[in-house]
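Just so you know, we're using this note's numbering here: the sequence shown kicks off at 79 and counts up by one. C-beta: ideal position from N, C-alpha, C; glycine also.
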Amino acid sequence: ERDSAAALEARDGRPVFYLENALFTGLFGLAFWEELFAPVPGAFHHPYQAGPADAFSASFRERRGAAIERRLEALAVADLPTLLAGAFRRYRGYQCHWVDWRAFDETLVHRAARCIPFDHLAGTWERLLFDPADNRRGFPDLVALGEAPGDYALYEVKGPGDALQEHQRRWLNHFAGLGMPASVLQVSWADG
């Protein structure tokens, strides 16, 4: 994946990051932190939990439905890069099932929120909320992030004998339905 990222950077002239599942789940965690850690009855058994007990259950969204809808409406009109970068600063270091703090920094959060249109993020988050346990995996390996809104691309890297898994196919189909620039890179080893 890292060699593919370097080749894409050289070809397209924009930074490419190996983030796999960390980017979209991390942005989700930052965007919905308050809803994730809301005092829903039975969700928390001690103050050191990395998320609610029902974080990966089908009832997660249902139990927080109105709060999640309000949050989506607020995010749609927010300065998302500033908001998510602020959440990164505020919550960095706290345990959260959704955020891998080692995978990215505040600058990358800001850049991703600037380049990936809100409707693409919201469509991705909606699918995460539909089935949190299964849909938190299967994201493409690489993300290219340019400078301007809409200037991004997602790449799943597959080598010889490597096939797409079912959860990866589902995400690629979902991205296609949202009009998101996602593709599969078939790579092979060069001789010599």
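* Endpoints, the beta strand (DSSP E) within which A222 is located -> It spans L220 to L223 - the beta strand (DSSP E) in which A222 sits, taken as one unbroken run.
* **Classification of D219 by the beta-carbon crowding that lies within 10 angstroms, buried from 16 upward** => Buried: at least 16 other Cβ atoms inside 10 Å.
* To do: Return the first residue and the last residue of the beta strand (DSSP E) that Y96 is part of.
  => Residue range V94 to Y96 is occupied by the beta strand (DSSP E) that includes Y96.
* To do: Tell me whether E147 is buried or exposed, calling it buried when 16 or more other Cβ atoms sit within 10 Å of its Cβ.
  => When all chains shown are included, E147 counts as exposed.
* Asked: Between P93 and A222, is the Cβ-Cβ spacing less than 8 Å?
  -> In contact: P93 and A222 (Cβ atoms closer than 8 Å).
* Asked: How would you write the range of the beta strand (DSSP E) that L242 sits in, first residue to last?
  -> L242 -> no beta strand (DSSP E), and no H or E assigned at all.
* To do: Less than 8 Å between the CB atoms is what I'm expecting for L105 and L150, so what's the real figure, rounded?
  => About 13 Å separates the two Cβ atoms, so there is no contact after all.
* To do: Any chance you could list the alpha helix (DSSP H) runs of at least 4 consecutive residues sitting entirely within the region 152–201, in chain order?
  => Counting whole runs of 4 or more residues, the region 152–201 contains the alpha helix (DSSP H) stretches 158–169 and 184–193.
* Near A100, which residues of its chain fall below 7 Å by C-beta distance, leaving aside the five closest residues on each side in sequence? -> D178, A181 and F182.
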